[in-house]
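Chains A and B supply the protein sequences, listed in that same order.
Quick note on numbering: the first sequence equals residues 1 to 324 in full-length UniProt numbering.
Quick note on numbering: the second sequence equals residues 1 to 324 in full-length UniProt numbering.
One structure is given below, encoded as structure tokens.
2 protein chains.
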Amino acid sequence: MASIKDIAKQAGVSISTVSYALNGSTKVTEETAAKIVAIAKELNYVPNAAARSLKKRETNIIGVFLTNYGGAFYGQLLQGIQDTLSSKGYEMIVCSGKESHRFIPERMIDGAIVLDYYFSSAELIRHADAGHKIVVMDRELTHPNINQVLLHNTSGATLAIDYLIEKGHRKIYAITGPEGSYDATQRIEAVRQSVARYSDIEYQELPGDFNKPAGEKAAEQITKNFTTPVAVFCLNDEMAIGMYNYLAKTKYEVGKDIHIIGFDNIELTHYTQPRLATIDYSERKWGAVSAEHLLKLIANEKAENERIYVTLIPGESVGNISSN
Amino acid sequence: MASIKDIAKQAGVSISTVSYALNGSTKVTEETAAKIVAIAKELNYVPNAAARSLKKRETNIIGVFLTNYGGAFYGQLLQGIQDTLSSKGYEMIVCSGKESHRFIPERMIDGAIVLDYYFSSAELIRHADAGHKIVVMDRELTHPNINQVLLHNTSGATLAIDYLIEKGHRKIYAITGPEGSYDATQRIEAVRQSVARYSDIEYQELPGDFNKPAGEKAAEQITKNFTTPVAVFCLNDEMAIGMYNYLAKTKYEVGKDIHIIGFDNIELTHYTQPRLATIDYSERKWGAVSAEHLLKLIANEKAENERIYVTLIPGESVGNISSN
DNA sequence: TTATAACGTGTGATCGTTTTCATCTATAGT
DNA sequence: ACTATAGATGAAAACGATCACACGTTATAA
């Protein structure tokens, strides 16, 4: 409630002197400054964010846009962003939903990190054109005010397929992701290229949407036509878990009849029986790098697009097939 | 970039007329309004949030404060809050970390929902004294500007203990929560009262902190002194999962040697083998109710403190003990 | 001693809105 | 034809901060 004006009055100085004192300017006598600071504390003074950012044209807040809070909510990723930002004096807010997009043009935030399927690229470009700084984590977008920090999806998908092949599998399914998802598109493309290198592979795609029910549905499809053991690359772990759930109610065993590999190494997979093979990456690093790049953009420094490396996590969900 | 002033100039009217037109006031001719709206669209006008909230003294944003983003990140709870808020024209931001607390006195948000262990009650009361509206989900705090929406911890803990007793258990451990946690305190109190009702119960408490490693450590303790089957009430599921992890590496079996019940019904428990018995509640409802209460506080309507009901989810992690 | 710089402080414009109040026009009532 | 009234618009004062600039003082150099 107390404003700079109240402090000025009580200290018997002008508001500019108060402002200088509170901002640690050397222009003010130590003595005066001390008095002002004391009064400010006494009055529980806190600067009004709106007034300050109206004048300074910056808020020191970064917005992170997510599709939703449920499902695989990127805890570690957010922590990575948060740590990096707060070490640079920025605050982070997490938002979701179409309405929250307005924070950008309204100048509520100094920059945006986007991992939101529903945030259209056209809209992002409009914001970038208006001078707003953005880091995208879920698409490719070339613009001077936009930087990309993406996963190495293609090498991840290649690792997965190679693993299956190495284990002797020649009958391979892939469960795709939602239409329009960048990660899904990249992964499936890499899968197609990988399997195309072998002439003896029986390859088939089943539709998916990155959620558990899609995995269940795919499992149903696969078991319906089951003849010999098959390998399945679920383009994310969530769907792999869905398959586990469905298969648990059938006679088919994971790692014996149906061999499964996922992508993301979400926490849940550490508790599956048998352990799900998957593709891993450091969520925390992904977040930290994104934040760094965004801060560079804001500081008008050059930031190169970057990709986060992924590794294979073997698991008993993929067993050996004796090549015959 | 375009401001109300630019629109005014281009439309040949004053800024006040533009403001009225854009806010749908009836004071302006339909014709003029239409022209202004058209120009605003053409210029990609978006009101400046700082300027608006400086003048209006409200932001239409609600802040949700969490201890961190990792671990059990309340996805459904946030969704519940978000849905309720957006139906009333509010936006939600999720924040974490000590620094983010300043959003309240800085008037960045119109109200706060607190589920943050590190947010001290003294600080909350200071903010409430300054007129800010707050809903707490993790403590009891009586203040005209603060409302509580809590879990029915005591009945949950009682359900858990009764379940163990009903199954014939008389040797019972409780793994506590972090010191100062309201939920933990309430639960452990109820446990003590429950076991005190029986003279033949051998009851013991082991320290915990709501994280997996604490569960592992507790499991180590318990197995070290193992003689006869015991029942363990982990004050949250996370620690129960920790126990599972540790026990998996030993000869002791969950549901046979060590009987476990948790609290929270987190998603992970749906995938444990055997299924973990636990205490369930609707996260979504918890969030929705909190949001409703906060909006009432903001509207200066009376809001009663409320508790969310909990139910028992049986599971094979707790087996029968033949009473001898 | 005087010119000048350095220093501390105050004045006032500004950021982009909202909103009260005044002003102006047109219409209606007499 | 003249006033009363309603309706549309504009002028200007906030909101609470920052900051360029101007203004006195005092210390320093010529």
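From the three backbone atoms N, C-alpha and C, an ideal C-beta is built for every residue, glycine too.
Keep in mind it's a predicted model, so treat the numbers as computed, not measured.
At least 8 angstroms separates the CB of glutamine 193 of chain A from every CB of chain B. If you check each beta-carbon in the stretch 99 to 125 of chain A against every beta-carbon of chain B, the ones closer than 8 angstroms belong to Glu99, Ser100, Arg102, Phe103, Pro105, Glu106, Arg107, Met108.
Neighbourhood of tyrosine 271 of chain B in chain A, by CB distance below 9 angstroms: Ile241, Tyr244, Asn245, Leu268, Tyr271, Thr272, Gln273, in chain order.
Think of a sphere of 8 angstroms around the beta carbon of asparagine 48 of chain A: the chain B residues whose beta carbon falls inside it are Leu54, Glu106, Arg107, in chain order.
Counting the other CB atoms within 10 Å of its CB gives threonine 29 of chain A a total below 16, which places it among the exposed residues.
Secondary structure note for asparagine 147 of chain A: its beta strand (DSSP E) is the uninterrupted segment 146 to 151. For the pair leucine 115 of chain A and leucine 66 of chain A, the CB atoms are nearer than the 8 angstroms cut-off. Here threonine 269 of chain B is buried: its Cβ has 16 or more other Cβ atoms, across all protein chains shown, within 10 Å.
Minimum Cα-Cα distance from lysine 88 of chain A among the listed residues A/Leu294, A/Val18, A/Lys55 corresponds to A/Leu294. Looking from the CA of valine 64 of chain B, the closest CA among B/Lys296, B/Ile308, B/Ala291, B/Ile321 belongs to B/Ala291. Secondary structure of tyrosine 90 of chain B (DSSP, three-state): coil.
Here DSSP, grouped into helix, strand and coil, assigns lysine 256 of chain A to coil. In the pairwise beta carbon analysis, the stretch 232 to 244 of chain B is classified as touching the stretch 254 to 269 of chain B: at least three pairs are separated by under 8 angstroms. In the three-state reduction of the DSSP assignment, histidine 132 of chain A falls in the coil class, being assigned neither a helical nor a strand state. The contact set of alanine 130 of chain A on chain B, defined by CB atoms closer than 8 angstroms, consists of Met1, Asn44 in chain order. Linking valine 46 of chain A to alanine 2 of chain A through their CA atoms gives a straight-line distance of about 8 angstroms.
For glutamate 216 of chain B, the number of other beta carbons within 10 angstroms of its own is at least 16, and it is reported as buried. For leucine 164 of chain B, same chain residues with a beta-carbon under 8 angstroms away, outside a window of 5 residues either side, are Ile172, Ala231, Phe233, His259, Ile261, Val318 in chain order. Within the model, the alpha-carbon separation for alanine 49 of chain A versus serine 181 of chain A is close to 37 angstroms. Per DSSP, the beta-bridge partners of lysine 171 of chain B are B/Glu202. Contact between the stretch 246 to 259 of chain B and the stretch 100 to 114 of chain B is absent, with fewer than three C-beta pairs closer than 8 angstroms.
Leaving aside the five residues that flank isoleucine 62 of chain B on each side, the residues in its chain whose CB is nearer than 8 angstroms to its CB run, in chain order, Ile81, Leu85, Tyr90, Glu91, Met92, Ile93, Ile109, Asp110, Gly111, Ala112, Ile113, Ala291, Leu294. Looking at the backbone, the Cα of lysine 9 of chain A and that of glycine 24 of chain A are separated by about 19 angstroms. Of all residues in the stretch 6 to 31 of chain A, none places a beta-carbon less than 7 angstroms from a beta-carbon of chain B. Serine 194 of chain B sits buried, since 16 or more C-beta atoms from the chains shown fall within 10 Å of its C-beta. Counted as a single uninterrupted DSSP element, the stretch harbouring glutamate 106 of chain A is not any beta strand (DSSP E), since DSSP gives it neither H nor E. In this chain, valine 318 of chain B is not harboured by any alpha helix (DSSP H), its DSSP state being neither H nor E. Around the CB of glycine 131 of chain A, fewer than 16 other CB atoms lie within 10 Å, so the residue is classed as exposed.
For glycine 287 of chain B, the enclosing alpha helix (DSSP H) has its first and last residue at 283 to 298.
Excluding sequence positions up to five before and after threonine 154 of chain A, its CB lies within less than 6 angstroms of the CB of Gln186, Ala190, all in the same chain and listed in chain order. Interface with chain B (8 angstroms Cβ-Cβ cutoff): isoleucine 4 of chain A is excluded.
At a cut-off of 8 angstroms between beta carbons, asparagine 145 of chain A makes no contact with chain B.
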